[in-house]
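Notes follow once the structure below has been shown.
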Amino acid sequence: MTQKRNSLLFLSDILQEIEGIESYVAMGKQEFLQNETIQRATFYRLQTIGEAVNKLPDELKAKYPDTPWRDIVAFRNLLVHRYWRIDLNVVWAIMDSDEDSIIQLKPVVQELIKELSS
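In case it helps, UniProt numbering puts the sequence shown at residues 1 to 118.
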């Protein structure tokens, strides 16, 4: 018998993966571009985030309409289904840009975790 996961578990997964990505960003762009292990780990983390976001109910995501939920899932699909088209500079920008970084998702996820935990 399979057990259905709840939103709090998916949000915890997202938070954990964002924190892992933060550790890669701290190593710097050059390390990311030269280290295939970090690249592949990043791809996995981004895939996990996208899959977990996809599993969140629409009502929950609607509380944060400015969060690019659809883009996060779309990028996950690109990583999985069009992996040969991945540009490492684009991945780095997703990790480290000031405005559109996946790390900007962290406070939203933390707030949702707080909401669901109370």
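Idealized CB from N, CA, C, for every residue including glycine.
How close, in whole Å, do the beta carbons of I38 and M27 come, if the pair is a contact with beta carbons under 8 angstroms? 7 angstroms
Could you check whether V80 and Q47 sit closer than 8 angstroms to each other, using their CB atoms as the reference points? yes
If distances are taken between C-alpha atoms only, which option among E115, I113, N89 comes closest to Q34?
Selected option, being the one with the closest Cα: N89.
**Q.** Identity of the residue in E59, P65, I102 nearest R45 by Cα
**A.** Nearest of E59, P65, I102 to R45, Cα basis: I102.
| Using DSSP with H/G/I as helix, E/B as strand and the rest coil, what is L56? | Here L56 sits in coil by DSSP.
| task | Go ahead and label R76 buried or exposed: buried means 16 or more other beta carbons lie within 10 angstroms of its beta carbon, across all protein chains shown. | result | The residue in question, R76, is buried, as its Cβ has 16 or more Cβ neighbours within 10 Å.
Let me know the secondary structure DSSP gives A62 once reduced to three states. coil
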